[in-house]
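Student: A single structure is presented below for examination.
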Amino acid sequence: RKEVEQDPGPFNVPEGATVAFNCTYSNSASQSFFWYRQDCRKEPKLLMSVYSSGNEDGRFTAQLNRASQYISLLIRDSKLSDSATYLCVVLPGGGYNKLIFGAGTRLAVHP
Amino acid sequence: GAGVSQSPRYKVAKRGQDVALRCDPISGHVSLFWYQQALGQGPEFLTYFQNEAQLDKSGLPSDRFFAERPEGSVSTLKIQRTQQEDSAVYLCASSSPGQRQETQYFGPGTRLLVL
Numbered sequence: 001r002k003e004v005e006q007d008p009g010p011f012n013v014p015e016g017a018t019v020a021f022n023c024t025y026s027n028s029a030s031q032s033f034f035w036y037r038q039d040c041r042k043e044p045k046l047l048m049s050v051y052s053s054g055n056e057d058g059r060f061t062a063q064l065n066r067a068s069q070y071i072s073l074l075i076r077d078s079k080l081s082d083s084a085t086y087l088c089v090v091l092p093g094g095g096y097n098k099l100i101f102g103a104g105t106r107l108a109v110h111p
Numbered sequence: 001g002a003g004v005s006q007s008p009r010y011k012v013a014k015r016g017q018d019v020a021l022r023c024d025p026i027s028g029h030v031s032l033f034w035y036q037q038a039l040g041q042g043p044e045f046l047t048y049f050q051n052e053a054q055l056d057k058s059g060l061p062s063d064r065f066f067a068e069r070p071e072g073s074v075s076t077l078k079i080q081r082t083q084q085e086d087s088a089v090y091l092c093a094s095s096s097p098g099q100r101q102e103t104q105y106f107g108p109g110t111r112l113l114v115l
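Note that the protein sequences, when read in sequence, are chains A and B. When we follow the working numbering, the leftmost residue of the first sequence carries the number 1, and every step to the right adds one. When we follow the working numbering, the leftmost residue of the second sequence carries the number 1, and every step to the right adds one.
Structure, rendered in structure tokens:
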């Protein structure tokens, strides 16, 4: 079983739609959680951190459920420019600095 | 300011050749990471440096992979006797104490194709 699992998609949605991505992680000791965005043939870039209390950045909302080891990302009012792969990322505990990435969920927003 | 840079951006190698991939981290960044990203997958950790010290090399897939950062800035990932399964994008990332350790800034990657 992979440490971080995501639905690969693709999610094909029209502009203006609301779309939600989910992710589960296996290591209950994991300390920090993130969503990264990766455009085609580009490097991953940090989209937002995920906190237990939930956090929002404009049209993007992230949630963490530690009991269920589950992370979500909600995108409201989708734009064409949101088309990308969204990577769920976990920072394990124990002093290790390496990031553990899911395989990513592809989003395609169409006119 | 300048981000993480990597060279070459693209490399085609014949099976059995040795390759060297270079990473220039953001100036002053203490931590440097190498990741391997296969097609359709997320990046996978290879190795981690803090300054010149290689603190974690648990992700290197075989002894054909070797990384160094002799002066604590530029790093080189070397792959000896390349195999077709080494074909991937090799990403370098750096981060700095004083920021959240987990904020890693990625370079554009080196796309390696082994024929």
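Glycine residues also receive a C-beta, built at the ideal position from the N, C-alpha and C atoms. As the structure is a prediction and not an experimental result, all values here were calculated from the model.
#1: Going by the beta-carbon positions, is the gap between Gly42(B) and Gly104(A) smaller than 8 Å?
#2: Given that Gly28(B) touches chain A, what residues does it touch there, using C-beta distances under 8 Å?
#3: When DSSP labels each residue in this structure, what does Glu85(B) get in the three-state scheme?
#4: State the beta-bridge partners of Glu44(B) as determined by DSSP.
#5: Let me know the secondary structure DSSP gives Ser96(B) once reduced to three states.
#6: Nearest to Ser27(B) by alpha carbon, out of Arg111(B), Ser95(B) and Thr103(B)?
#7: Using beta carbons (cut-off 8 Å, strictly below), is Leu91(B) in contact with chain A?
#8: Return no unless some Cβ of chain A is closer than 8 Å to the Cβ of Tyr10(B).
#9: Give me the subset of the segment 95-108 of chain A whose CB atoms are less than 8 Å from a CB atom of chain B, sorted by chain position.
#10: Tell me the rounded alpha-carbon separation between Asp18(B) and Phe45(B).
Tutor: The structure says:
#1: yes
#2: Neighbours of Gly28(B) on chain A: none; closest Cβ ~17 Å, over 8 Å.
#3: helix
#4: Gln36(B)
#5: coil
#6: Ser95(B)
#7: yes
#8: no
#9: Tyr96, Asn97, Lys98, Leu99, Ile100, Phe101, Gly102, Ala103 and Gly104
#10: 21 Å
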